[in-house]
Amino acid sequence: MAGEDLLRAALERLADPVSGKDIVSAGRVSGIVLRSAQAGLVLAVDGLSPHDAKTLEARVDAALRSVPGVEGARIITTAERGDAPQGPHPTAPAPLPEIRHIIAVGSGKGGVGKSTVAANLAVSLASQGLRVGLLDADIYGPSVPMLMGRQERLTLREKLIQPAEVHGLKTVSMGAMTDPDRAVVWRGPMASSALMQMLTQTEWGPLDVLVVDLPPGTGDIQLTMAQKVPLAGAVIVSTPQDLALIDAKKAVAMFGKVGVPILGMIENMSTFHCPNCGHESHIFGHGGAEAAAKAMGLAFLGGIPLEIGIREASDAGTPVALRDDPAGNAFRRIAVQVMAALKENARAADVR
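Its first residue numbered 766, the sequence shown is counted upward by one per residue in this note's numbering.
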């Protein structure tokens, strides 16, 4: 039998506390994987008391480790209903004492290059000598493993996720925990639960900044981050055209409703310079994000050009912020602006 089949067989010997079926047939288990002697799966704990959920998780951990060749186990627990074990109250921030600042990078819609911006912002902050982490909170479409050129699976040590260390920072992504060829089919509360586990059960160590790459939109995951995590601020990414700006304004409004300060807006794909003749074109418009930021009383952090080098660097897993060129310089200037905004917010909070 293949390794994952052996894991499944071991799990089929465990009874579901609610239905009495084995936990695989009962639908408690999904995403079973075995990579580099590390077993992993997603365990749904719907309808269980906190005690029963912990007991089942311990039994699953023991079953996985009993399979020959398995040296460690990674279990992500999720729940869909209110009677499942819950974390802190939605308004109670998760305790993360070793992380000084947590920044959310969001957008109102997909396709604006938010993940590319988040990854390059994190790399730029690390280039300033800061201790930086990057959390890929896009559970359904994780991009960070490819953007950072680190595709291997993450491991556990003493039940804590060990982040990948690459390009001078620490990264964690669901894309490094699940089969990259399989879709993550979870309801919003399940995805939010997995996100909080990645955030709070990772051995980040002391960090000056944790950059969180949010999924597009204003759904459950964004609200979970805003309500359960002590965010120092949010950065909104948009392209210049009106269609993207309409949704970017909604993202600004969402963070405003939950009391998260907006550090500023970034205009991605701002200007295209022809590599042959040097002609400047505004394919998606130009200046829309800056104008929108001004209208909302927000800081404009800067623009990122539209150029093939950014796409090539992203696909190759070598962020353009590592380069000494116009695009790399643009990201580094934005990182300086972000840190200045964080310090200004901290000063204002001290005055209050």
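Here a beta-carbon is modelled for each residue, glycine too, at the ideal position from N, C-alpha and C.
- Counting along the chain, isoleucine 788 sits inside no alpha helix (DSSP H), nor does DSSP assign it H or E at all.
- In this structure glycine 1062 is exposed. Its beta-carbon is surrounded by fewer than 16 other beta-carbon atoms within 10 angstroms.
- Listed in chain order, the alpha helix (DSSP H) elements of length 4 or more contained wholly in the segment 964–1017 are 985–993.
- For isoleucine 797, the enclosing beta strand (DSSP E) starts and ends at 794–800.
- As summarised for the segment 1040–1101, the continuous alpha helix (DSSP H) elements at least 4 residues long and confined to that stretch are 1053–1060, 1073–1081, given in chain order.
- Excluding sequence positions up to five before and after valine 1085, its CB lies within less than 8 Å of the CB of Asn885, Gly1074, Ile1075, Ala1078, Ser1079, Ala1092, Gly1093, Phe1096, all in the same chain and listed in chain order.
- Rounded to the nearest angstrom, the gap between the Cα atoms of leucine 925 and glutamate 863 is 15 Å.
- Proximity to glutamine 916 across Arg1088, Leu1107, Val1101, Thr1083 peaks at Thr1083, based on C-alpha coordinates.
- Taking the Cα positions, serine 880 is about 23 Å away from valine 1023.
- For the pair alanine 1054 and glutamate 1032, the CB atoms are nearer than the 8 Å cut-off.
- Annotation: valine 825 is outside any beta strand (DSSP E); the continuous alpha helix (DSSP H) that includes it extends over 815–830.
- By the neighbour-count definition (other C-beta atoms within 10 Å, threshold 16), threonine 1036 is a buried residue.
- Taking the Cα positions, lysine 1108 is about 11 Å away from valine 1101.
- Per DSSP, the continuous alpha helix (DSSP H) segment holding alanine 774 begins and ends at 768–776.
- In its chain, beyond the 5 residues on either side, Ala838 have a beta carbon closer than 7 Å to the beta carbon of arginine 830.
- Taking C-alpha positions only, valine 897 is separated from alanine 999 by approximately 16 Å.
- One Cα belongs to alanine 780, the other to arginine 918, and the distance between them is close to 29 Å.
- Cβ neighbours of glutamate 777 within its own chain (closer than 7 Å, five residues either side excluded): Asp787, Val789.
- Under the three-state reduction of DSSP output, alanine 883 falls in the helix class.
- At a Cβ-Cβ threshold of 8 Å, proline 981 and glycine 873 count as neighbours.
- Between alanine 802 and valine 835, the CB-CB gap stays under 8 Å.
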